[in-house]
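Chains as they are written, first to last, in this note's numbering: chain A, 97 to 549; chain B, 97 to 549.
There are 2 protein chains.
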Amino acid sequence: MAGKKVSLPKGMRDFGPQQVRKRQYILDTIREVFEIFGYQPIETPVMEQLSTLNGKGGAESDKLLFKVLNSGDFLKKADENALNEKASSKVIAQISEKGLRYDLTVPLARYVVMHQNDITFPFKRYQMQPVWRADRPQKGRYREFWQCDADVLGSESLINEMELIQIFERVFKTFNIPVKVHLSSRKLLAGMMELIGQEDKMIDFTVALDKLDKIGVEKVQDELRARGLNEKAVELIPSIAALSSEKDVMKSSFIAALEKTSNGAEGVREINTIMSRLDFACRSIIIIDPSLARGLDYYTGPIFEVKSELFKGSIGSGGRYDNLTGIFGLPNVSGVGISFGLDRIYDLMQEQNLFPDFSAASTKVLLTYFDEEKLPPLFGIVSMMREANIKAELYPAPVKLKKQFKYANDKGIPYVVLYGDEEADSGEFTIKDMEKGEQFKMDFEKLLEFLKQ
Amino acid sequence: MAGKKVSLPKGMRDFGPQQVRKRQYILDTIREVFEIFGYQPIETPVMEQLSTLNGKGGAESDKLLFKVLNSGDFLKKADENALNEKASSKVIAQISEKGLRYDLTVPLARYVVMHQNDITFPFKRYQMQPVWRADRPQKGRYREFWQCDADVLGSESLINEMELIQIFERVFKTFNIPVKVHLSSRKLLAGMMELIGQEDKMIDFTVALDKLDKIGVEKVQDELRARGLNEKAVELIPSIAALSSEKDVMKSSFIAALEKTSNGAEGVREINTIMSRLDFACRSIIIIDPSLARGLDYYTGPIFEVKSELFKGSIGSGGRYDNLTGIFGLPNVSGVGISFGLDRIYDLMQEQNLFPDFSAASTKVLLTYFDEEKLPPLFGIVSMMREANIKAELYPAPVKLKKQFKYANDKGIPYVVLYGDEEADSGEFTIKDMEKGEQFKMDFEKLLEFLKQ
Chain A
97 MAGKKVSLPK GMRDFGPQQV RKRQYILDTI REVFEIFGYQ PIETPVMEQL STLNGKGGAE
157 SDKLLFKVLN SGDFLKKADE NALNEKASSK VIAQISEKGL RYDLTVPLAR YVVMHQNDIT
217 FPFKRYQMQP VWRADRPQKG RYREFWQCDA DVLGSESLIN EMELIQIFER VFKTFNIPVK
277 VHLSSRKLLA GMMELIGQED KMIDFTVALD KLDKIGVEKV QDELRARGLN EKAVELIPSI
337 AALSSEKDVM KSSFIAALEK TSNGAEGVRE INTIMSRLDF ACRSIIIIDP SLARGLDYYT
397 GPIFEVKSEL FKGSIGSGGR YDNLTGIFGL PNVSGVGISF GLDRIYDLMQ EQNLFPDFSA
457 ASTKVLLTYF DEEKLPPLFG IVSMMREANI KAELYPAPVK LKKQFKYAND KGIPYVVLYG
517 DEEADSGEFT IKDMEKGEQF KMDFEKLLEF LKQ
Chain B
97 MAGKKVSLPK GMRDFGPQQV RKRQYILDTI REVFEIFGYQ PIETPVMEQL STLNGKGGAE
157 SDKLLFKVLN SGDFLKKADE NALNEKASSK VIAQISEKGL RYDLTVPLAR YVVMHQNDIT
217 FPFKRYQMQP VWRADRPQKG RYREFWQCDA DVLGSESLIN EMELIQIFER VFKTFNIPVK
277 VHLSSRKLLA GMMELIGQED KMIDFTVALD KLDKIGVEKV QDELRARGLN EKAVELIPSI
337 AALSSEKDVM KSSFIAALEK TSNGAEGVRE INTIMSRLDF ACRSIIIIDP SLARGLDYYT
397 GPIFEVKSEL FKGSIGSGGR YDNLTGIFGL PNVSGVGISF GLDRIYDLMQ EQNLFPDFSA
457 ASTKVLLTYF DEEKLPPLFG IVSMMREANI KAELYPAPVK LKKQFKYAND KGIPYVVLYG
517 DEEADSGEFT IKDMEKGEQF KMDFEKLLEF LKQ
């Protein structure tokens, strides 16, 4: 084993001290805003029963599940014929009962059903934890990544949507990330289905429309035809694409036509209600975008997607769902939620140099140690500094000073203290400012005061 | 699927808002102390290669690994004969390449080897993350639990041991948990092996001795005989057990005898050096305990275990290891570390009512909503409160006031504000103190000031 090259599983990452601090900063900021809006934290286990996870995000997400092998003699219950045929898909359920969660929404639904008697509704919860997907890793896409979700369950009020948009606005303002919140409603899409007379084709229509940004009008039209949508549907696409240049989408002839359908009218009402209560700061970042589709099947009302000119891909999203907990036997619980992608926000802030300076978070002072006889006072001094909540280190061995200064430099420690015979005699410590290269002398009391600042 | 009973995997737990806050409090406290002592955070992925995890904690811990099934057609590479025989243990390595970490020490060793060129040694790192073991769940033992580790790698200095004991002392003092830190050295055990002339039997001796507390002198002696230890070894056990009643263990005849062996003398020197520098607060919680064995093979120097009269089982532990990274091809890196068990500390603090009051962390004020016409001002008011960093909620629908008060009560929200016609006319809000049951009236400016306190 010795000398064997070690590696991490594909798509997984280590985080060093600076990265952890920066990620913690993002998490703390989002947490603080969630709490100001009255959301409460929950946490769920990394593993869920596969019966909980399977089939909740469609066949595609089942394939992306990391499945955990049963303990012990796991082949015992496996079907012999399936093993002989090497029929992996038949064997899976016999050798694996658990999987790693691929989002925080399915665990939320499971949580609410299991704890329904202890929960006060409307249930405003936030959850910030990692999720796993066995996706093909690529730039900005990892197999282990964090989601930061806030959801309200058990309230149909659009006030929740208004507040969730305020949360987007406040979080990204704090990060100095300019964003646009694209807003629409699944009911506008349902209205379009009424217009073309193909109410049963909404998912096919949505899947194709979702690609408008990426593949353009004509290819979406091709895909619609291939998916069996009629020519009325195909003709809608140019009008939808043209909306992005409208001065006021809600006053466009497209919306006027949609308002004549029952679902469309409801969708328009939702959007108008949300907009009517928001202040200028929020309204100015909203783009009403009827082309917004959001891949997930479970959305039924208003939907959001947050984009920034500084980044390719969305950095936040969300929407309303009417029956999330129904799959687990608790029907009629309407909910709405949003999600922040920690890793994408991190990548964006890193690229754009948006992180504050974190040097204050690491060690403030290094006490050098070069005279063995001085260990007793030095150990007492570093202990007293720590008692005073100063982040302090004592170099653990009397090695060459050059090495100790290099240590301070590499770790970004701003001050280094020297304590040798001269200092012991005079009672004054020598302190070096590593950035400015200047040296001072001061007694212990002044030194403590100085370092506390 | 509808109506199907949902459940969590065995030994896994959900955490509700109050639990998350309390766990966060423990983590924050430990983190703060780690940072004051100059430790820097790292994080590693939940999954590691099985080649990294296997064989590092002995055959026992290999069995406790949760293994992740390879994606896609996982049976493709499996051996046909092994499948036919249902030989689970032969098939494992062919269908699973990844596993969930069972501690933070193996990932640390892997991290240090992979990032050795970017690390400044001595490397003082802390890591607080969950780990998984497919153990039989029982009271206080979970299959998903958190470890909070601090380690120094690349320094042989005993100053590190002194500081780690100071960390134990400070953390548990903050939690108001009375503890004793049991201190010994693996070198005392090596000295005992010299005394009995069976240097090759140290692991067998250690495994048996480790049970002294639980099974008593005679059963340990039986086990020693069964493991092939000689009668000299058997005779040591009563002397070791008797040490707990010594006034000063280091001045006992047992230690005097050990000091005549080369390893024993080294172990005595280690312990004396550590004790010599610690202040009274630390020395007073240390118990020199040569019966301390610590199960893990990799310890080579001083070892610690933290116990409390309030709890069965250890709530902290650690020790020095001389060659942790050697298994991954980086020899000669001495290290020492400690670990706090979040879940046990939580259980202890919960049982003993040691948590501070966390009501301040949740919503401070609920704005009731009972008159639809008042939504515009109410939404503006709650937004302004949040701008002022007051944790505020607006009830999202104009339902009966009784229901809104119940919501505030269930969530532990201390203040409820009423805003109806009377309040709109007078410009004064009615605010109710939920605990005292008292009501006041005040204008918006005073209300903001009041809630900010």
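Glycine included, every Cβ here is placed at the ideal spot set by N, Cα and C.
Which of the residues in the stretch 366 to 392 of chain A, read from start to end, lie with their CB under 8 Å from any CB of chain B? Contacts with chain B (Cβ-Cβ distance below 8 Å) from the stretch 366 to 392 of chain A involve Arg373, Asp375, listed in chain order.
Over what stretch of residues does the beta strand (DSSP E) that includes Tyr207 (chain A) continue unbroken? Taken as a continuous stretch (DSSP letters only), Tyr207 (chain A) belongs to no beta strand (DSSP E), being part of the alpha helix (DSSP H) at 201 to 210.
Gly287 (chain A), DSSP secondary structure in three states: Reduced to three states, the DSSP call for Gly287 (chain A) is helix.
Cα-Cα separation between Trp228 (chain A) and Leu196 (chain A), rounded to whole angstroms: Computed Cα separation, rounded: 6 Å.
Just how far apart, CA to CA, sit Glu193 (chain B) and Lys548 (chain B)? Their backbone Cα atoms lie some 54 Å apart in a straight line.
Leaving out the 5 sequence neighbours to the left and right, which residues in its chain are closer than 6 Å to Phe436 (chain B) when beta-carbon positions are compared? Around Phe436 (chain B): Ile126, Cys244, Gly412.
I need the straight-line Cα distance from Pro334 (chain B) to Gln448 (chain B), nearest angstrom please. Roughly 35 Å between the two C-alpha positions.
Go ahead and pull the three-state DSSP assignment for Gly552 (chain A). Limits of chain A in this structure are 97 at one end and 549 at the other, which puts residue 552 (chain A) out of reach.
Measuring only between beta-carbons, confirm whether Glu240 (chain B) sits less than 8 Å from chain A. Judged by the 8 Å Cβ criterion, Glu240 (chain B) is in contact with chain A.
Of the choices B:Ala353, B:Ala484, B:Ile138, B:Gln500, whose alpha-carbon is the least far from that of Glu541 (chain B)? Comparing alpha carbon positions, the residue from B:Ala353, B:Ala484, B:Ile138, B:Gln500 closest to Glu541 (chain B) is B:Ala484.
Could you have a look at Arg119 (chain A) and say whether DSSP puts it in helix, strand or coil? Residue state, collapsed to three classes: helix.
Which residues DSSP lists as bridging Phe219 (chain B), in chain order: Paired residue(s): B:Leu249.
Name the two residues that bound the continuous beta strand (DSSP E) containing Tyr511 (chain A). Residue range 511 to 514 is occupied by the beta strand (DSSP E) that includes Tyr511 (chain A).
Is the beta carbon of Asp199 (chain A) sitting closer than 8 Å to the one on Arg221 (chain A)? No, Cβ-Cβ distance for Asp199 (chain A) and Arg221 (chain A) is not below 8 Å.
Taking the C-alpha atoms as reference points, what is the distance between Asp439 (chain A) and Gly151 (chain A)? Whole-angstrom Cα-Cα distance: 26 Å.
Report the residue ranges of all beta strand (DSSP E) runs contained in full by the stretch 138 to 186 of chain B; include only those spanning at least 3 residues, in chain order. Listed in chain order, the complete beta strand (DSSP E) runs (minimum 3 residues) inside the stretch 138 to 186 of chain B are 143 to 145, 163 to 165.
What residue range does the alpha helix (DSSP H) around Ile381 (chain A) cover? If you look at Ile381 (chain A), you'll find it isn't in any alpha helix (DSSP H); DSSP assigns it neither H nor E.
What's the gap between the Cα of Glu331 (chain A) and the Cα of Pro427 (chain A)? Using only the alpha carbons, I get a separation of about 37 Å.
From Ser41 (chain B) to Val303 (chain A), what distance separates their C-alpha atoms? Outside the modelled stretch of chain B, which goes from 97 to 549, sits residue 41 (chain B), for which no answer is possible.
Backbone CA spacing between Val512 (chain A) and Met481 (chain B) [nearest angstrom]: So the two alpha carbons sit approximately 44 Å from each other.
CA nearest to the CA of Ser253 (chain A), picked from A:Asn505, A:Arg323, A:Val478, A:Ser430: Nearest option by C-alpha distance: A:Ser430.
For Ile311 (chain B) and Pro274 (chain B), the rounded distance between their alpha carbons: Those two C-alpha atoms are separated by around 25 Å.
Is it a yes or a no for the stretch 387 to 396 of chain A touching the stretch 269 to 284 of chain A, going by three-plus beta-carbon pairs under 8 Å? Because the criterion of three Cβ pairs below 8 Å is met, the stretch 387 to 396 of chain A and the stretch 269 to 284 of chain A touch.
Give, in chain order, every residue of the stretch 190 to 206 of chain B whose Cβ lies closer than 7 Å to some Cβ of chain A. For chain A, the residues of the stretch 190 to 206 of chain B that bring a beta carbon within less than 7 Å of one of its beta carbons are Ser192, Lys194, Arg206, in chain order.
Quick one: does Pro137 (chain A) have its CB under 8 Å from some CB of chain B? For Pro137 (chain A), at least one C-beta of chain B is nearer than 8 Å to its own C-beta.
Report the residue ranges of all beta strand (DSSP E) runs contained in full by the stretch 427 to 490 of chain B; include only those spanning at least 3 residues, in chain order. Entirely contained in the stretch 427 to 490 of chain B, the beta strand (DSSP E) runs reaching 3 residues are, in chain order, 431 to 437, 461 to 463, 488 to 490.
Between Asn166 (chain B) and the rest of its own chain, which residues show a CB-CB distance below 7 Å, the 5 nearest in sequence each way excluded? Closer than 7 Å at the Cβ level, and outside the excluded window around Asn166 (chain B), lie Ile191, Ser192, Glu193.
Rounded C-alpha distance that separates Gly516 (chain A) from Pro218 (chain B): So the two alpha carbons sit approximately 22 Å from each other.
Cα-Cα separation between Gly508 (chain A) and Thr459 (chain A), rounded to whole angstroms: A straight line joining the alpha-carbon of Gly508 (chain A) with that of Thr459 (chain A) spans about 8 Å.
Please return the same chain residues whose Cβ sits closer than 6 Å to the Cβ of Asp418 (chain A), not counting the five positions on each side in sequence. Correct list, in chain order: Thr396, Ser430.
Using a Cβ-Cβ distance under 8 Å, would Asp296 (chain B) count as near chain A? Judged by the 8 Å Cβ criterion, Asp296 (chain B) is not in contact with chain A.
For Tyr394 (chain A), which residues from the same chain have a beta carbon less than 7 Å from its beta carbon, with the 5 sequence-adjacent residues on both sides left out? If the five residues before and after Tyr394 (chain A) are omitted, its C-beta is found closer than 7 Å to the C-beta atoms of Tyr417, Leu420, all from its own chain and listed in chain order.
Consult DSSP for Ser413 (chain B) and reduce its assignment to one of helix, strand or coil. In the three-state reduction of the DSSP assignment, Ser413 (chain B) falls in the strand class.
In terms of residues, what are the limits of the beta strand (DSSP E) holding Gln535 (chain A)? Unbroken beta strand (DSSP E) run through Gln535 (chain A): 534 to 538.
For chain A, is any of its Cβ atoms less than 8 Å away from the one on Tyr515 (chain B)? No - not a single Cβ of chain A is within 8 Å of the one on Tyr515 (chain B).
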